[in-house]
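See structure below.
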Amino acid sequence: MLDGSLSAIHMTVAVVCMGVLATAAETVWLVARGTYEDDAFWPWPVIRESYGRVIARPVGAFASGRSMLAISLVRIACAIAVLVSYTFGFTATLPLVMLVLSHFVLTLRHRWGGEGGDQMTALVLIVGLIADIFVRYDTVVAAAAIFIGAQILLAYISSGVAKLFGPLWREGSALTKILSNHSHGHEWLSGQLMRSPVAARLICHAVMAFQLTFPLFLVLPTPAAYLYLIAGAAFHMGIAMFMRLNLFCFAFIGTYPCLIYTREVFRGWIGL
Amino acid sequence: MPSDVVSLAVILILTIWWLLSVLNQVSAISSMLARGDLFGLLPKWTFFAPNPGVHDYHIVRRTYVVSDDTSDTKGEGGRSLMWEGVSCSTGAVEIPFLWNPDRRLRKTLSDIANGLLMALRVVADKRDLIQFTPGYFLLTHLAQRGVAEGTLIQWAIVRSFGFEGQRDLGVVFVSFVHRVSRTSTDA
Numbered sequence: 001m002l003d004g005s006l007s008a009i010h011m012t013v014a015v016v017c018m019g020v021l022a023t024a025a026e027t028v029w030l031v032a033r034g035t036y037e038d039d040a041f042w043p044w045p046v047i048r049e050s051y052g053r054v055i056a057r058p059v060g061a062f063a064s065g066r067s068m069l070a071i072s073l074v075r076i077a078c079a080i081a082v083l084v085s086y087t088f089g090f091t092a093t094l095p096l097v098m099l100v101l102s103h104f105v106l107t108l109r110h111r112w113g114g115e116g117g118d119q120m121t122a123l124v125l126i127v128g129l130i131a132d133i134f135v136r137y138d139t140v141v142a143a144a145a146i147f148i149g150a151q152i153l154l155a156y157i158s159s160g161v162a163k164l165f166g167p168l169w170r171e172g173s174a175l176t177k178i179l180s181n182h183s184h185g186h187e188w189l190s191g192q193l194m195r196s197p198v199a200a201r202l203i204c205h206a207v208m209a210f211q212l213t214f215p216l217f218l219v220l221p222t223p224a225a226y227l228y229l230i231a232g233a234a235f236h237m238g239i240a241m242f243m244r245l246n247l248f249c250f251a252f253i254g255t256y257p258c259l260i261y262t263r264e265v266f267r268g269w270i271g272l
Numbered sequence: 001m002p003s004d005v006v007s008l009a010v011i012l013i014l015t016i017w018w019l020l021s022v023l024n025q026v027s028a029i030s031s032m033l034a035r036g037d038l039f040g041l042l043p044k045w046t047f048f049a050p051n052p053g054v055h056d057y058h059i060v061r062r063t064y065v066v067s068d069d070t071s072d073t074k075g076e077g078g079r080s081l082m083w084e085g086v087s088c089s090t091g092a093v094e095i096p097f098l099w100n101p102d103r104r105l106r107k108t109l110s111d112i113a114n115g116l117l118m119a120l121r122v123v124a125d126k127r128d129l130i131q132f133t134p135g136y137f138l139l140t141h142l143a144q145r146g147v148a149e150g151t152l153i154q155w156a157i158v159r160s161f162g163f164e165g166q167r168d169l170g171v172v173f174v175s176f177v178h179r180v181s182r183t184s185t186d187a
């Protein structure tokens, strides 16, 4: 059981670290374009007014463009260090600590602009760190893997339930409208969906059905259950391809090893 | 410390964390929990639902050419220039799966715009109070970039839907008129 749970966590953290590499490189670009300067998009003298002195002072030490560059380079180095550590069987505690602490700093530094991929990335890194620190406690490692599996289950179910309350989702025009903007849209695909409202409605309802029935993954027998993972991977890759929300792909697909482990444990508990 | 106690403590923390995550999916509870969740450790997985974000947000500004009357501190005797866009892009290309740095800029703008619209509902007839929200500060700061100190400016949030040639545009927020001042860089 320990081997399965630890391998699952390592695979999950490794994929998530690839997402960290991509986003840290993006931050280097943003630093180079001056977006963290005091007269630019994320001016610390303005953002710090959102916090009390207890927060503002320590975060302020890392707020300049130069510090943001240093943080990004440290994140890149630590993400690579985690991958190397896992490959050669070393402890990854120190790079994971750095990744978690720097994530906290970045969250406070930006104040706005976080997305679901950032949330899942943070959860996985923190839980990966917990598993690394308590690696000799097999129950803790197993609980850590199940926690990640339970979070991705919660993500799909709550997203599906929320869509049930959305008139655009129920009527089938949500995806067409979501894709009809520059921020996360796709002109060609939105045009295709506008020309074919039946296909658009089918896709909306298919996404809702996938998310709402995802708990079946836990109880279905092996070949059928994995259709959910294939559908999920296609869903997230589609989001990366057409909406350019790239971090979702790494963060969410990355949780699947822990999800598979959670399924095995659950099926063991219920005698399947 | 006995391993059972350690295991139990960690499992308890993870269980509580997951249960709070479940509660955080409910909007009414989420707004209460958000006050204590400084680092965003309680995830909210209901993105794009129930009402998905379907718009682009843009910042526009205009400056005022003030009259020669020095007692006219609000520029009421002056005239405004044309509205112009405030760039919120680094010009990065977008590569699916790999590269999209500007998404964080756009998400920031979208978060601030939606926050301001929500705040407007809260302040209702005390609209003056909106000036003291962090998002308003930030957009005022952005709008005054490249404008001479002392100039009067006004900014607005424009929301668009669709692509060039068939875009719907609408102004969703207009700021008060402000005199440009540079933020102190003291820590």
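So the sequence lines, in the order shown, correspond to chains B and G. Quick note on our numbering: the first sequence kicks off at 1 and runs consecutively. Quick note on our numbering: the second sequence kicks off at 1 and runs consecutively. All C-beta atoms, glycine included, are put in the ideal place defined by N, C-alpha and C. Keep in mind that this is a model prediction, so the values were computed, not measured.
Quiz item: Closer than 8 Å, CB to CB, is G/T108 near chain B or not?
Solution: For G/T108, the answer is yes, since a Cβ of chain B falls inside 8 Å of its Cβ.
Exercise. Under 8 Å between beta-carbons, which chain B residues line up against G/F47? List them in chain order, please.
Key: Those within 8 Å of G/F47 in chain B are E115, G116 and S159.
Exercise. Whole angstroms is fine: what's the gap from B/N181's alpha carbon to G/E164's?
Key: CA-CA distance, B/N181 to G/E164, rounds to 10 Å.
Quiz item: What's the gap between the Cα of G/A119 and the Cα of G/D4?
Solution: Answer to the nearest angstrom: the Cα atoms are 48 Å apart.
Quiz item: What span of residues does the beta strand (DSSP E) with G/Q144 cover, start to end?
Solution: No beta strand (DSSP E) holds G/Q144; DSSP gives it neither H nor E.
Exercise. Count the other CB atoms, across all protein chains shown, that sit within 10 Å of the CB of B/T255; report buried if there are 16 or more and exposed otherwise.
Key: Burial of B/T255 is indicated by the presence of at least 16 other C-beta atoms within 10 angstroms of its C-beta.
Quiz prompt | Cβ-Cβ separation, B/D132 to B/T87 (assumed contact under 8 Å), whole Å | solution = About 15 Å; that fails the 8 Å criterion.
Quiz prompt | Close Cβ partners of B/F266 (< 6 Å) along its chain, the five nearest in sequence each way excluded | solution = So the list reads L218, once near-sequence residues are dropped.
Quiz prompt | CB contact flag (B/V16, B/T121, <8 Å) | solution = Going by beta carbons, B/V16 and B/T121 fall inside the 8 Å limit.
Self-check item: Within chain B, partners of G/H141 - CB distance below 7 Å
Solution: Neighbours of G/H141 across chain B, judged by C-beta separation under 7 Å: P43 and V46.
Quiz item: Shorter than 8 Å from the beta carbon of G/F176 to some beta carbon of chain B?
Solution: At a cut-off of 8 Å between beta carbons, G/F176 makes no contact with chain B.
Self-check item: At least 3 beta-carbon pairs within less than 8 Å: the stretch 57-77 of chain B vs the stretch 151-161 of chain G
Solution: They do not touch, by the three-pair rule.
Quiz item: To the nearest whole angstrom, what separates the beta carbons of B/Y261 and B/G149, a pair I think is in contact under 8 Å?
Solution: Indeed, because the Cβ distance is near 6 Å, the residues count as touching under 8 Å.
Practice problem: Name the one or two DSSP bridge partners that G/F173 has. | Solution: G/I157, per the DSSP bridge assignment.
Quiz item: In the DSSP assignment, what residue or residues form a beta bridge with G/E84?
Solution: Beta-bridge analysis with DSSP links G/E84 to G/R61.
Self-check item: Alpha-carbon to alpha-carbon, G/T90 and B/F214
Solution: Answer to the nearest angstrom: the Cα atoms are 39 Å apart.
Quiz item: Given that a residue counts as buried once 16 or more other Cβ atoms are within 10 Å of its Cβ, and exposed if not, what is G/V122?
Solution: G/V122 is exposed by the Cβ-count criterion.
Quiz item: By how many angstroms is the C-alpha of G/L33 removed from the C-alpha of B/R136?
Solution: Inter-residue distance for B/R136 and G/L33 is about 33 Å (C-alpha atoms, whole angstroms).
Exercise. Would you list, in sequence order, the uninterrupted alpha helix (DSSP H) runs of no fewer than 4 residues that lie entirely inside the stretch 197-231 of chain B?
Key: If we require 4 residues or more, the alpha helix (DSSP H) runs fully inside the stretch 197-231 of chain B come out as 197-212 and 216-219.
Quiz prompt | Proximity of B/S183 and G/S87 at Cβ, strictly below 8 Å | solution = Cβ distance not < 8 Å, so B/S183 and G/S87 don't count as in contact.
Quiz prompt | Residue(s) in a DSSP beta bridge with G/R79 | solution = According to DSSP, which records beta bridges pairwise, G/R79 is partnered with G/V65.
Quiz item: Hey, does B/M18 have any beta-carbon neighbour from chain G nearer than 8 Å?
Solution: So no, B/M18 is outside the interface.
Quiz item: Shortest alpha-carbon distance to G/R179 belongs to which of G/Q144, G/G170 and G/G162?
Solution: Closest in C-alpha terms to G/R179, from the list G/Q144, G/G170 and G/G162, comes G/Q144.
Exercise. Return no unless some Cβ of chain B is closer than 8 Å to the Cβ of G/W83.
Key: Closer than 8 Å: no.
Quiz prompt | Cβ neighbour criterion (16 or more within 10 Å) applied to G/F48 | solution = Within 10 angstroms of the beta-carbon of G/F48 lie 16 or more other beta-carbons, which makes it buried.
Exercise. Give a yes or no on whether 8 Å exceeds the smallest Cβ distance from G/T185 to chain B.
Key: Note that G/T185 scores 37 on pLDDT, short of 50, meaning its location in the model is unreliable and no value can be drawn from it.
Quiz item: By Cβ distance below 6 Å, which residues in the same chain neighbour B/T27 in space, the five residues on each side in sequence not counted?
Solution: Contacts found: S72.
Quiz item: Beta-carbon of B/Y256 versus every beta-carbon of chain G: anything under 8 Å?
Solution: Judged by the 8 Å Cβ criterion, B/Y256 is not in contact with chain G.
Quiz prompt | Rounded C-alpha distance that separates B/R195 from B/A81 | solution = Each residue's alpha carbon lies about 49 Å from the other.
Quiz item: Mind checking whether B/L245 and G/R103 have CB atoms under 8 Å apart?
Solution: Yes, the Cβ-Cβ distance between B/L245 and G/R103 is below 8 Å.
Self-check item: chain B contacts from the stretch 139-170 of chain G (Cβ-Cβ distance under 8 Å)
Solution: Of all residues in the stretch 139-170 of chain G, H141, L142, R145, S160, F161, G162 and F163 have a Cβ within less than 8 Å of some Cβ in chain B.
Quiz prompt | Residue burial classification, B/Q151 (beta-carbon count within 10 angstroms, cutoff 16) | solution = With 16 or more other Cβ atoms within 10 Å, it is buried.
Practice problem: State the DSSP-derived secondary structure class of G/D111, mapped to helix, strand or coil. | Solution: Under the three-state reduction of DSSP output, G/D111 falls in the helix class.
Quiz item: Terminal residues of the continuous alpha helix (DSSP H) containing B/A77?
Solution: Note, B/A77: alpha helix (DSSP H), G65 to F88.
Practice problem: Jot down the residue ranges of each uninterrupted alpha helix (DSSP H) in the stretch 164-191 of chain B, minimum 4 residues, whole runs only, in chain order. | Solution: The stretch 164-191 of chain B contains these whole alpha helix (DSSP H) runs: 167-171 and 174-178.
Exercise. Examine chain G for any beta-carbon lying closer than 8 Å to the beta-carbon of B/M1, and answer yes or no.
Key: For B/M1, the predicted model reports a pLDDT of 43, less than 50, meaning its position is unreliable; a value from the coordinates is still stated below. It does not; no Cβ of chain G falls within 8 Å.
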